[in-house]
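K.L.:
First to last, the sequence lines map onto chains A and B. Okay, so the first sequence: first residue is 0 according to numbering that gives the first Met the number 0, each after it adds one. Okay, so the second sequence: first residue is 0 according to numbering that gives the first Met the number 0, each after it adds one.
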Amino acid sequence: MKKYYLLIVVTFLLFTFFAFTVIGNSQTDEFAFYAYNSTPVTDWDPSVEFSNGIVSLNNVYETLLRYDPLEDKFVKLLATDYTASSDGLTWTFTLRKGVKFHDGTELNADAVKFSIDRTIEMNMGASFIWAPVDRINVVDDYTVEFKLKYPAPLDLICSSGYAAFIMSPTAVKSHPDSWLTEGHEAGSGPYKLEKYQQERGEVILTWFEDYWGGWEGNHFKKAVIKDVSEAVTRRLIIEKGEADITIELPYEDITSLQDNKNINVLIGPSFQNLMLFFNTGKEPLNNKLVRQALSYAFPYQDVVSYCLEGYGRQGRGPIPYGLWGHSEELFQYKYDLNKAKELLEKAGYPEGGFKLLLTYLSGDEAERKTVELFKAKLAELNIDLEIRGMPWDSQWALARDNNLEKRQDIFIMYWWPDVCDPYCWLYSNFYSEEEPFFNLCYYKNKEFDSLADKAYKESGIDRDKATKTYIKAQDILMEDAPVVYIYDKKNVFFLNKTFQGFKDNPAYPNVVFFYDTYREK
Amino acid sequence: MLSFLVRRLLLGILTLFGVILITFILVRVVPSDPAAQWVGGRATPEQVEAAREELGLDKPIYVQLEHYIRDLLKGNLGYSLMTHQPIIKELKNRFPATLELVLISSIVALLIGLPLGLISAKAKNSWIDHFSRFFSIGAISIPTFWLALVLQLIFFMILEVLPSGGQLSMKIILFQDIPRVTGFMFLDSLITGNFVILKDFLKHLILPAICVGAYTIGLVARMTRSALLEILSEDYIKAARSYGLTERLILYSYALKNSLGPTTTVVTLAMGYALMNTFLVESIFSWPGIGKYVANAVTCLDYPAIIGITILGACAYIILNLITDIIISLDPRVKL
Chain A
0 MKKYYLLIVV TFLLFTFFAF TVIGNSQTDE FAFYAYNSTP VTDWDPSVEF SNGIVSLNNV
60 YETLLRYDPL EDKFVKLLAT DYTASSDGLT WTFTLRKGVK FHDGTELNAD AVKFSIDRTI
120 EMNMGASFIW APVDRINVVD DYTVEFKLKY PAPLDLICSS GYAAFIMSPT AVKSHPDSWL
180 TEGHEAGSGP YKLEKYQQER GEVILTWFED YWGGWEGNHF KKAVIKDVSE AVTRRLIIEK
240 GEADITIELP YEDITSLQDN KNINVLIGPS FQNLMLFFNT GKEPLNNKLV RQALSYAFPY
300 QDVVSYCLEG YGRQGRGPIP YGLWGHSEEL FQYKYDLNKA KELLEKAGYP EGGFKLLLTY
360 LSGDEAERKT VELFKAKLAE LNIDLEIRGM PWDSQWALAR DNNLEKRQDI FIMYWWPDVC
420 DPYCWLYSNF YSEEEPFFNL CYYKNKEFDS LADKAYKESG IDRDKATKTY IKAQDILMED
480 APVVYIYDKK NVFFLNKTFQ GFKDNPAYPN VVFFYDTYRE K
Chain B
0 MLSFLVRRLL LGILTLFGVI LITFILVRVV PSDPAAQWVG GRATPEQVEA AREELGLDKP
60 IYVQLEHYIR DLLKGNLGYS LMTHQPIIKE LKNRFPATLE LVLISSIVAL LIGLPLGLIS
120 AKAKNSWIDH FSRFFSIGAI SIPTFWLALV LQLIFFMILE VLPSGGQLSM KIILFQDIPR
180 VTGFMFLDSL ITGNFVILKD FLKHLILPAI CVGAYTIGLV ARMTRSALLE ILSEDYIKAA
240 RSYGLTERLI LYSYALKNSL GPTTTVVTLA MGYALMNTFL VESIFSWPGI GKYVANAVTC
300 LDYPAIIGIT ILGACAYIIL NLITDIIISL DPRVKL
């Protein structure tokens, strides 16, 4: 028996000796490493993916245009030019010549028509963005024409980070339907998918030699997007220089990381905002005065300081700061308990005395902290707020219950754009619905609906005019107070000092366009 | 023995069916809309309805169950609502990494826990016994996530001797062909003779294995100690001593062998538990196992994935219990 133990001990020591060799700094200029906070793709099919996959697909596929909302301009990708008819119903795009897909075939108008028709027909993910399109015509090899059912901002739709990708018809047609979903691609982007290890949460991209933009200058030839779901691990590897870029670290970490000479902290606007939806179909929140009172009772600045550590700003209407359609002139509720009491008295609730149920997404600490603060303020008005954390699916199912009385009184959720258009908020969250979907305040106002529709149609023809109409529609919302606009979140990126060229584009949340980045030697 | 095995297997199949039935009903009772999940977060009501029809969710629940069981018999566990991938493929890709981690950590736990329990039983109430008790209880009660974070901080951040996580280094993944024969990295790298990958893998394995194995080390040490002490006070040991047999012979050949029954039971139960509960360790060390998949499936209410995982967990427990029974049956005192 003794010799067995001796053997075990020797094996163990050898194992330890074998494994414990000092690891050198793994930072090299051969690849870029993005430590992402979740799985970097859920479905590789560009017609279907409507989730985190935006971070991977936007490096592999390209759209006709890319929108830069901070400068309000379009970058020409697969299209070199486009025009819209004066009625906004016909859009003509001229395609870039000499663009190759990763399978070697060339981009042409047929490929554009095939890609968008496929996405519409599959009717999955964000395919609804193409709702205004009646038909797509191939004019010639490099000209494609979109006929719309009603005027719409097609340039914004074509530049969406979801469901607007152009793919190689040859590659797609020569494989079964599930081929793309299984982890293959048919794009024309600067990077090809080299390897996708779903179980590791790893996407490995490698340069596409024939990319139309060329590879002159400084670029990464390989890039890795990896799911590092634990925030502590993400912080450790960005501090050690193992990762080039990461996101979603606790706000409390930002100050100390700003002091780290090896890290750049980049803070910019995001188009994600947090909102409280009042149940306008049920007492007492069907009373506008009660909703206004509660809008005054909300501790906006406390939430921004405590939950976001200041990395956000109080919302001013549903359209987030930085996106067209947002107006700094719009009315904004401020925390004022006396005003809230006055309004409650006017509404017939001088002593408060009612109970409300609020549902939030369990596990979301920012939401939980926010509603806890609101609960404390409402208690001062003698309003009892019951807060209930639920998984998203259950929270949403309760909000869509056929029995209106069973639904929650207040629903809290984030919203962000699928197309960089104010209509994305106004239509989804406020437009009258027979069956509730995402209008979870159950708001119905015909005047608002017609203004939102009018603005949407105008936006395909005259953006300035549309902006004014969108602001008018938002004025109605501020008066009716179906929603509390808590905050517009800021995006915070943590970058290795040597990782250069990255520019945050809030139209494509958390996307790193690796082609623009490089290692500074 | 054979009739025992057949009996246990039939009982196992019955248990499995019960588990499937209960899980299927439970996950469908939770308010959620699988059709909406299938098409994506902001799909239109028309898209959701089309998906409901496509997935057969518009049919009564007993019809859905019948379809599910029919598919299951063909080895089809359905498709994940989130990734649209076959569940069987997703489990097959992830389970080996978890099994490998749990198996290796359990072996290490046995190698450490067994001698520790033996020494402390031999030297009862000595300083070694006190130290062993302190160590074992500490290993059992220390929160896994805390241990993982502390180890990561010390060995990655401060000492820089071990990696922060993952199964292999990024450079290896990017610039080497990863062998895939059995799906077990340890075996695959050995089979293909790729010692660079083996070395890299072992480096990555150390910290997660310690975290997963800590609980089992403590458990094995305590269990071995108490079982040995009980056995050492039995009449046949006294008789052996009176014959003048050496203490070493009594301890190793008579007592230790008979104490292995309870130890085996706890180790297999701990393994079964670890297989489905490595989420925290896998998450902190980015280990590509099933733990994170379990957590994602539950939080997203991905019901085909939840049922698939439950079936896998139930199978693992049934097999482990069967193995335990077989090992225990080697003891002639036990009649099957």
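All C-beta atoms, glycine included, are put in the ideal place defined by N, C-alpha and C. From a predicted model like this one, the values you see are computed outputs, not experimental measurements.
Between A:LYS374 and A:LEU360, which are expected to be in contact by the criterion C-beta below 8 angstroms, what is the C-beta distance as a whole number of angstroms?
P.N.:
Not quite, the Cβ-Cβ distance comes to about 16 angstroms (not below 8 angstroms), so this is no contact.
K.L.:
Which one of B:MET156, B:VAL107 and B:ASN92 has the shortest CA to CA distance from B:GLY182?
P.N.:
B:ASN92
K.L.:
Is it true that the stretch 152–168 of chain A meets the stretch 100–108 of chain A, where meeting means three or more beta-carbon pairs spaced less than 8 angstroms apart?
P.N.:
yes
K.L.:
Can you give, in chain order, each stretch of the alpha helix (DSSP H) that sits fully within the stretch 121–205 of chain A and has at least 4 residues?
P.N.:
Counting only runs of at least 4 residues, the stretch 121–205 of chain A fully encloses the following alpha helix (DSSP H) elements, listed from N- to C-terminal order: 153–157, 168–172 and 177–180.
K.L.:
Taking all protein chains shown into account, decide if B:GLN84 is buried (16 or more other Cβ within 10 angstroms of its Cβ) or exposed.
P.N.:
buried
K.L.:
What would DSSP say about A:THR245, mapped onto helix, strand or coil?
P.N.:
strand
K.L.:
Whose C-alpha, out of B:ILE205, B:VAL195, B:LYS237 and B:GLY74, is nearest the C-alpha of B:LEU146?
P.N.:
When B:ILE205, B:VAL195, B:LYS237 and B:GLY74 are compared, the shortest CA-CA separation from B:LEU146 is found for B:ILE205.
K.L.:
Secondary structure at A:TRP424, three-state DSSP: helix, strand or coil?
P.N.:
helix
K.L.:
Indicate whether at least one CB of chain B lies closer than 8 angstroms to the CB of A:PRO283.
P.N.:
Judged by the 8 angstroms Cβ criterion, A:PRO283 is not in contact with chain B.
K.L.:
Counting along the chain, where does the alpha helix (DSSP H) carrying B:MET275 start and finish?
P.N.:
256–275
K.L.:
Between A:GLY362 and chain D, is there a C-beta pair that is closer than 8 angstroms?
P.N.:
No chain D appears in this structure, whose protein chains are A and B.
K.L.:
Can the beta-carbon of B:GLY212 be found less than 8 angstroms from the beta-carbon of B:SER135?
P.N.:
Taking 8 angstroms as the cut-off, the Cβ atoms of B:GLY212 and B:SER135 do not count as close.
K.L.:
Name the residues in the stretch 219–233 of chain A whose C-beta lies less than 9 angstroms from a C-beta of chain B; which are they?
P.N.:
LYS221, VAL223, LYS225, ASP226, VAL227, SER228, GLU229, VAL231 and THR232
K.L.:
Among B:ARG221, B:ALA226, B:SER168 and B:LEU197, which one has its Cα closest to the Cα of A:GLU201?
P.N.:
B:SER168
K.L.:
Any idea which residues DSSP pairs A:PHE493 with across the strands?
P.N.:
A:THR245 and A:VAL264
K.L.:
Helix, strand or coil: how does DSSP classify B:SER125 here?
P.N.:
coil
K.L.:
Return the chain-ordered list of same chain residues with a C-beta closer than 6 angstroms to the C-beta of A:TRP90, the five sequence neighbours on each side being excluded.
P.N.:
ALA83, PHE145 and LEU153
K.L.:
First and last residue of the beta strand (DSSP E) that includes A:THR93?
P.N.:
Where A:THR93 is concerned, the enclosing beta strand (DSSP E) stretches over 89–94.
K.L.:
Taking A:LEU355 as the reference, which of A:GLY500, A:ASP420 and A:GLU404 has the closest Cα?
P.N.:
A:GLU404
K.L.:
A:TYR514 by DSSP, collapsed to three states: which one?
P.N.:
helix
K.L.:
Once DSSP output is grouped into helix, strand and coil, what is the label at A:SER85?
P.N.:
Correct three-state label for A:SER85: coil.
K.L.:
Taking 8 angstroms as the limit between beta carbons, can you name the residues of its chain near A:ILE22, skipping five residues before and five after?
P.N.:
Any reading at A:ILE22 needs caution, since the residue's pLDDT is 41, under 50, leaving its predicted position unreliable; the model's value is listed next. If we look at A:ILE22 and ignore the five residues flanking it on each side, it has no Cβ neighbours.
K.L.:
Round the Cβ separation of A:LEU502 and A:GLN271 to the nearest angstrom and send it over; I've been treating them as touching at under 8 angstroms.
P.N.:
It is Lys, not Leu, that sits at residue 502 of chain A in the sequence shown. About 18 angstroms; that fails the 8 angstroms criterion.
K.L.:
Roughly how many whole angstroms lie between the Cα atoms of A:LYS521 and A:PRO189?
P.N.:
One cannot answer for residue 521 of chain A here, as it falls past the ends of chain A, which runs 0 to 520.
K.L.:
Any residues in the stretch 87–101 of chain B with a beta carbon nearer than 8 angstroms to a beta carbon of chain A? Which ones, in chain order?
P.N.:
Going along the stretch 87–101 of chain B in chain order, one finds GLU89, ASN92, ARG93 and ALA96 with a Cβ nearer than 8 angstroms to chain A.
K.L.:
Determine the direct distance from the alpha carbon of A:THR245 to that of B:ALA49, and round the result to whole angstroms.
P.N.:
38 angstroms
K.L.:
Would you kindly work out how many angstroms separate the C-alpha atoms of A:GLU215 and A:LYS191, rounded to a whole number?
P.N.:
Rounded to whole angstroms, A:GLU215 to A:LYS191 spans 18 angstroms at the Cα level.
K.L.:
Is it true that the CB of A:PHE219 sits closer than 8 angstroms to the CB of A:THR516?
P.N.:
yes
K.L.:
According to DSSP, A:ASP226 sits in a beta bridge with which residue or residues?
P.N.:
A:TYR35
K.L.:
Excluding sequence positions up to five away, which residues of its chain have a Cβ less than 7 angstroms from the Cβ of B:ALA315?
P.N.:
In the same chain as B:ALA315, and ignoring 5 residues on each side of it, the C-beta atoms closer than 7 angstroms to its own belong to GLY271 and LEU274, in chain order.
K.L.:
Assuming B:LEU173 and A:PHE30 make a contact with CB atoms under 8 angstroms, what is their CB distance in whole Å?
P.N.:
6 angstroms
K.L.:
Just the Cα atoms here: how many angstroms apart are A:ASP71 and A:LYS471?
P.N.:
21 angstroms
K.L.:
Under 8 angstroms Cβ to Cβ from A:THR41, same chain only, skipping five residues before and after it: list those, please.
P.N.:
GLU48, SER50, ASN51 and GLY52
K.L.:
Pick helix, strand or coil for A:LYS445, following the three-state DSSP scheme.
P.N.:
helix
K.L.:
Per DSSP, which one or two residues make a beta bridge with A:VAL483?
P.N.:
The bridge partners DSSP lists for A:VAL483 are A:LEU275.
K.L.:
Hey, quick one: how far does the alpha helix (DSSP H) through B:ARG51 stretch, first residue to last?
P.N.:
44–53
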